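Asker: Numbering (our numbering), first residue to last: 449 to 682.
Next up, the structure:
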């Protein structure tokens, strides 16, 4: 009641502050309750740590055994792979490989020779630039090799895109030529069938004309014999 009287006698702002303090104090736990909660949390934390330590001790032995077995299996598989004989692939003599003989290289077109010379010059220039940068001390070996790898990767990416683009153009041209060939074959097949049908019709027509000719010849022979018999009678 005293506090309510204080609230009534104070200003509006003070009254509101006192009311909020009373309300917050009413819902806040006491000091004894806070200490009891803290002790309960500490006890629960200690019990959890003891349980984790026990489980970790149990887990460690089984995990070590499993890891040892896994490493043993991996080592055995690697040993078997190393002891496995190497596969020897025999290529037919007409297959062009990366190792060309002098005769095979000489038989290539001039465009291939020009491209090979450009690639060799670019390869030599790249490593000459790397050696010059290393002598000038513009970077360590690792950074220079990384830069060389990045440059080579960019060039390979560009070449891959160009090859894919050219392959797309060639596939388009091949599809166009294939459709033209298929259409030409279809037209040729239809024309051959038309000629065969026309030839068959012509043969049937000739057979009919031969039959008519035979009938006319037979009729003529009969009339001739009849005329001869008639003249003999007279």
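Idealized CB from N, CA, C, for every residue including glycine. Treat the numbers as computed from the prediction; the structure is a model and nothing was measured.
With the cut-off set at 7 Å, would you say residue 578 and residue 596 are in Cβ contact?
Answerer: yes
Asker: Have a look at residue 677 and residue 653 and give me their C-alpha separation to the nearest angstrom.
Answerer: 36 Å
Asker: Near residue 629, which residues of its chain fall below 8 Å by C-beta distance, leaving aside the five closest residues on each side in sequence?
Answerer: Only residues of its own chain outside the window of five on either side were considered, and among them none has a CB closer than 8 Å to the CB of residue 629.
Asker: Three-state secondary structure (DSSP) at residue 555?
Answerer: In this structure, residue 555 counts as coil in the three-state DSSP scheme.
Asker: Leaving out the 5 sequence neighbours to the left and right, which residues in its chain are closer than 8 Å to residue 589 when beta-carbon positions are compared?
Answerer: 582
Asker: Quick one: does the C-beta of residue 665 sit closer than 6 Å to a heavy atom of the ligand COA?
Answerer: In the structure on display, the ligand COA does not appear, and there are no ligands present to speak of.
Asker: So, with DSSP's three-state summary, where would you put residue 632?
Answerer: Helix.
Asker: Does DSSP classify residue 577 as helix, strand or coil?
Answerer: helix
Asker: Straight-line CA distance for residue 575 to residue 523?
Answerer: 39 Å
Asker: Helix, strand or coil for residue 649? Go by DSSP, reduced to three states.
Answerer: helix
Asker: Using DSSP with H/G/I as helix, E/B as strand and the rest coil, what is residue 525?
Answerer: If DSSP states are grouped into helix, strand and coil, residue 525 belongs with the helices.
Asker: Give me the Cα-Cα distance between residue 615 and residue 555, rounded to the nearest whole angstrom.
Answerer: 25 Å
Asker: Per DSSP, what kind of secondary structure is residue 599 in: helix, strand or coil?
Answerer: helix
Asker: I need the DSSP call for residue 604, collapsed to helix, strand or coil.
Answerer: helix
Asker: In whole angstroms, give me the CA-to-CA distance for residue 599 and residue 517.
Answerer: 44 Å
Asker: Can you tell me whether residue 627 is helix, strand or coil according to DSSP?
Answerer: helix
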